[in-house]
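Just so you know, we're using our numbering here: the sequence shown kicks off at 868 and counts up by one. The beta carbon of each residue, even a glycine, is placed where N, CA and C say it ideally should be. In this text the structure is predicted, and so the values were computed from the model without any measurement.
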Amino acid sequence: MRSAHVGIRVSNLERSLSFYVDRLGCRLSHRIDTPTSRLAFITAGDTTFELVEKAPMTEHNGAIHLAFVVEDMDETVEKLEESGIHLNKDGIMPFQGGKILFFHGPDGETLELCQDVGTAL
868 MRSAHVGIRV SNLERSLSFY VDRLGCRLSH RIDTPTSRLA FITAGDTTFE
918 LVEKAPMTEH NGAIHLAFVV EDMDETVEKL EESGIHLNKD GIMPFQGGKI
968 LFFHGPDGET LELCQDVGTA L
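Written out as structure tokens, the structure is:
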């Protein structure tokens with residue numbers, strides 16, 4: 868068994884695609900529109916994420932976080948800040964011999980950057 872994707876509810880699919888694809892550098896794989904929802908599948912390396920826009924959006928849609936492996940934390944943070952994503956550099960924490968940093972996406976979803984954390988992924 869292997870993972871297929873990580874799903875995350877979003878309130879505005881276009882805004883979320885702009886964030887994940889244009890700013891974070893994910894790749895849009897494909898989109899699906901159904902009568903009750905709009906879906907977009909994006910990839911970061913070998914991982915696929917499903918962004919789901921489905922009304923009504925509530926504050927209790929399930930807490931998850933998405934983790935992204937980065938080669939150079941400082942360089943990545945700089946690039947993200949240049950794209951308009953505000954990060955707290957003081958929030959970079961040592962973890963398993965590497966570094967991690969948590970921040971939030973456009974709907975308040977928790978995101979994590981990981982550098983050199985080995986098997987802790």
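Please say whether residue j and residue i have beta carbons closer to each other than 7 Å?
| i | j | result |
| --- | --- | --- |
| Val937 | Gly965 | no |
| Leu880 | Arg905 | yes |
| Thr915 | His872 | yes |
| Arg898 | Thr910 | no |
| Ile952 | Met960 | no |
For residue i, which option in the options has the closest C-alpha, if you only look at C-alpha atoms?
| i | options | result |
| --- | --- | --- |
| Pro902 | Gly951, Ser950, Leu933, Glu920 | Glu920 |
| Asp958 | Asp974, Leu980, Gly975, Glu942 | Correcting the residue type first, residue 958 is Gly in the shown sequence and not Asp. Comparing Cα positions, the closest option is Leu980. |
| Gln963 | Gln982, Glu942, Gly892 | Gln982 |
Are any of the Cβ atoms in chain D nearer than 7 Å to that of residue i?
| i | result |
| --- | --- |
| Asp939 | Protein chain content of the structure displayed is limited to a single chain, and chain D is not contained in it. |
Tell me the rounded alpha-carbon separation between residue i and residue j.
| i | j | result |
| --- | --- | --- |
| Ser885 | Arg876 | 15 Å |
| Met940 | Glu917 | 25 Å |
| Asp900 | Phe908 | 12 Å |
| Ser883 | Val944 | 19 Å |
Residues in its own chain within less than 8 Å of residue i by CB, not counting five upstream and five downstream?
| i | result |
| --- | --- |
| Asp846 | Residue 846 lies beyond the residue range present for the chain, which begins at 868 and ends at 988; the question has no answer from this structure. |
| field | Whole alpha helix (DSSP H) elements within the stretch 879-905, 4-residue minimum | value | 880-884
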